[in-house]
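Chains as they are written, first to last, in the working numbering: chain A, 710 to 932; chain B, 2 to 161.
A short worksheet on the structure shown next.
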Amino acid sequence: MRADDLSSSLRSVGRFGRRVVAVCVASALLCGGAQAYVTTITSGTKSLYLVVGTGTMSGGGGTFSGGGTPGNNTTVNKVSVAVPAASIGNGTALAMTTDSTTTASLLDGYAGFCTVPAQVYVAGFYRTPNGNTQATLTVTSPANLTSGSNNLSFGTISWVSGGLGDAVPTIPSGTFVAGTTQTLLSVTNNTWFESCLSFNYANGAAVAAGTYTGRVTYTLTSP
Amino acid sequence: MMKPTALKLLLLAPTVSLLAALATAPAQADTATRVDDSGTVVSQPTVQMQWRQPVPGRRPDHTVQARIKVNVHLNVAPWVNRPVRLYMGLAPLNGPQVQASWSTAGRLMPGTLRSGARTLVYAGPIKTSTFDDAIELTLTTDGRALTSLQSLQFYFEIES
Chain A
710 MRADDLSSSL RSVGRFGRRV VAVCVASALL CGGAQAYVTT ITSGTKSLYL VVGTGTMSGG
770 GGTFSGGGTP GNNTTVNKVS VAVPAASIGN GTALAMTTDS TTTASLLDGY AGFCTVPAQV
830 YVAGFYRTPN GNTQATLTVT SPANLTSGSN NLSFGTISWV SGGLGDAVPT IPSGTFVAGT
890 TQTLLSVTNN TWFESCLSFN YANGAAVAAG TYTGRVTYTL TSP
Chain B
2 MMKPTALKLL LLAPTVSLLA ALATAPAQAD TATRVDDSGT VVSQPTVQMQ WRQPVPGRRP
62 DHTVQARIKV NVHLNVAPWV NRPVRLYMGL APLNGPQVQA SWSTAGRLMP GTLRSGARTL
122 VYAGPIKTST FDDAIELTLT TDGRALTSLQ SLQFYFEIES
């Protein structure tokens, strides 16, 4: 009968339809399986390094690029000058010398970057996965160098920045602003910086005889 | 004055070239099918990216990198005795673009790709139901932008 034929036809379509659905389900299960191998990556580490004067580097030929490992060096290097009696307060600046012995770059051993005893090596880096942020190098000086009850303003000491091969010194030259914290440098993320600082005493005024001392502190701060 | 016949030939020349070009183009693009790589094993499900330079140099280098080994095991049974083009791909990321380069033990081709892209790693007939190789992946990206975990989903797909 026509009606049976139609019914049979519909059943056939129905069975075909179920087969199609079954194939799709199987396919979906296959697609939902592990059709991608996965590894998860995490960000790089954050680090901060600063050396002023003589640093400590173990192994690697004493350099970072050689694979050396930096250590904490607690030595506080000095710069000093003895003013001849005949020259006291004559307005002629006097170069100071340092007990720091560092001359080569701690990054790659670049020889003669600084000269001693004229210059103090200052270097470091800032590394972070957090965007284009910058660290800040500052120096804090007390108001005065002291000798007993006598004072000598830290503003009488200045520095000239340099370094072999540096057309423009990384750390700018300057003068201590007594009793303040001065910003010396914004340190770009993932970049090594280094300079050699030559200190000078202004010798602009007569002061009482004595040994005047004071300590400045260099600080590298990350955001 | 140019003869009319010669003028017609000059005008026809570009038309013939165009038809020739159309004739060499594939009639229909191949459909890529994902390959079952559930047997593939990654040496490190999670890997810490390392700065490419242990200490930054005088010029900035923001690249971080990591190396992982992957034992690739693909079920290619549906394509046995058929010529195929096998691609490895890396799904797009929401974070920084990641580049992967790899060396192989020889069955797959070495190559490079970026997230959101794929690269041909094999072209030829499939002779067995499984396809195995060992690859060493080097992953690199901009370390400044990689501030959180990123899940890298590599996949294989075949065009036949």
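We put the CB at the ideal spot given by N, CA and C, even for glycine.
With respect to the 7 Å criterion, Q45(B) and I69(B) are classified as neighbours on the basis of their beta carbons. The beta carbon of T849(A) sits closer than 6 Å to those of T890, T926, all from its chain and outside the five residues before and after it, given in chain order.
Between T64(B) and T141(B) the beta-carbon gap is near 6 Å, inside 8 Å, which marks them as a contact.
Below the 9 Å Cβ cutoff, chain A contributes A745 as neighbours of A92(B), in chain order. L150(B) counts as exposed, since fewer than 16 other C-beta atoms from the protein chains shown sit within 10 angstroms of its C-beta.
Using a CB distance cut-off of 7 Å, F834(A) counts as an interface residue toward chain B.
Shown here for T837(A): same chain residues with a beta carbon closer than 7 Å to its own, the five before and five after excluded, namely K755, N898, S931 in chain order. Taking a Cβ-Cβ threshold of 8 Å, the residues of chain B close to L816(A) are V56, G58, R59, in chain order. S104(B) counts as exposed, since fewer than 16 other C-beta atoms from the protein chains shown sit within 10 angstroms of its C-beta.
Taking C-alpha positions only, S856(A) is separated from V869(A) by approximately 25 Å.
By the 16-neighbour rule on beta-carbons within 10 angstroms, D62(B) is exposed.
Each of S796(A), M766(A), N786(A) was checked against the Cα of A918(A), and the nearest Cα belongs to S796(A). In the DSSP assignment, the residues bridged to Y927(A) are V848(A). Chain-ordered, the chain A residues with CB closer than 7 Å to the CB of I69(B) read T748. Put simply, the CB of R53(B) is far from chain A, with every gap to its CB atoms at 7 Å or more. S867(A) carries a strand assignment under DSSP once its states are collapsed to helix, strand and coil. A820(A) sits in coil when the DSSP states are folded into three classes, being neither helix nor strand. Closer than 7 Å to the CB of D38(B) there is at least one CB belonging to chain A. Secondary structure note for D143(B): its beta strand (DSSP E) is the uninterrupted segment 131 to 143. At a cut-off of 7 Å between beta-carbon atoms, T148(B) makes contact with chain A.
Fewer than three pairs of CB atoms, one per stretch, sit closer than 8 Å, so the segment 838 to 845 of chain A makes no contact with the segment 869 to 889 of chain A.
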